[in-house]
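In the working numbering, the protein residues as written are 1 to 223.
Remarks on the structure that follows.
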């Protein structure tokens with residue numbers, strides 16, 4: 001969404017001579033010029049302005065780009081990863097290992113209506129991801145909770161969650177369209193915020209183990 005407007009190109013490669021910001025260089029070209037061995041992530045690339053795709057085409061075709069100051073920036077040692085939400089509704093309706101080939105073909109049909117053929121042909125690999133399932137959401141939750149446990153360990157506190165609490169977090173943190181993106185907010189809302197209040201009030205002391213359990217439909221904490 002940062003590069004939806006026509007002037008986005010100037011932000012990527014730098015303003016031409018005589019324009020404000022000329023000395024600063026481009027957001028993209030300057031980063032790669034300083035660190036040529038880089039991974040570039042273009043998130044939700046379908047939202048970019050068509051002029052941005054013209055820049056991207058040059059990078060993918062020639063492996064280089066000329067910035068606003070006339071310097072040639074070498075992209076041959078960069079890896080470019082682009083993500084898109086296009087076809088997410090198709091992915092949800094056709095979820096299942098046995099339908100993967102059909103699902104990928106349907107998604108690629110949608111992609112072909114949006115992106116120019118010359119761009120698609122310059123991409124080395126097109127990957128359509130399977131929808132996340134509960135087991136995978138739980139794994140992501142465990143990773144995020146590990147960060148919380150690490151912070152608690154600095155206060156000499158440990159945290160245990162019941163299976164019912166984990167199930168609630170998985171349910172609250174998954175959205176068919178947005179995947180696991182709501183999970184971090186769910187953990188913060190259901191675990192981190194109320195737990196922080198309890199710790200600040202002196203309810204839990206160093207050396208203790210905090211146990212999170214379900215009390216009807218609410219998560220409660222005890223020693």
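Beta carbons are placed, not taken as given, at the ideal position from N, Cα and C, and that holds for glycine.
None of these values were measured; they are calculated from a predicted model.
Should residue i and residue j be called a contact, given that it needs their Cβ atoms to be closer than 9 Å?
{"i": "residue 67", "j": "residue 30", "result": "yes"}
{"i": "residue 137", "j": "residue 161", "result": "no"}
{"i": "residue 86", "j": "residue 114", "result": "yes"}
{"i": "residue 37", "j": "residue 77", "result": "yes"}
{"i": "residue 221", "j": "residue 194", "result": "yes"}
{"i": "residue 91", "j": "residue 103", "result": "yes"}
{"i": "residue 84", "j": "residue 118", "result": "no"}
{"i": "residue 170", "j": "residue 134", "result": "yes"}
{"i": "residue 157", "j": "residue 203", "result": "no"}
{"i": "residue 152", "j": "residue 219", "result": "no"}
{"i": "residue 140", "j": "residue 200", "result": "no"}
Does DSSP classify residue i as helix, strand or coil?
{"i": "residue 156", "result": "coil"}
{"i": "residue 124", "result": "coil"}
{"i": "residue 129", "result": "coil"}
{"i": "residue 74", "result": "strand"}
{"i": "residue 303", "result": "In the structure displayed, the chain extends from 1 to 223; residue 303 sits before or after that span and is not available."}
{"i": "residue 181", "result": "helix"}
{"i": "residue 222", "result": "strand"}
{"i": "residue 215", "result": "strand"}
{"i": "residue 103", "result": "helix"}
{"i": "residue 303", "result": "Summary: the structure shown does not reach residue 303, with the chain confined to residues 1 through 223, and so no result is reported for it."}
{"i": "residue 83", "result": "coil"}
{"i": "residue 109", "result": "helix"}
{"i": "residue 43", "result": "coil"}
{"i": "residue 200", "result": "helix"}
{"i": "residue 161", "result": "strand"}
Determine the burial state of residue i: buried for a count of at least 16 other Cβ atoms within 10 Å of its Cβ, exposed for fewer.
{"i": "residue 186", "result": "buried"}
{"i": "residue 168", "result": "buried"}
{"i": "residue 127", "result": "exposed"}
{"i": "residue 120", "result": "exposed"}
{"i": "residue 205", "result": "exposed"}
{"i": "residue 48", "result": "buried"}
{"i": "residue 39", "result": "exposed"}
{"i": "residue 14", "result": "buried"}
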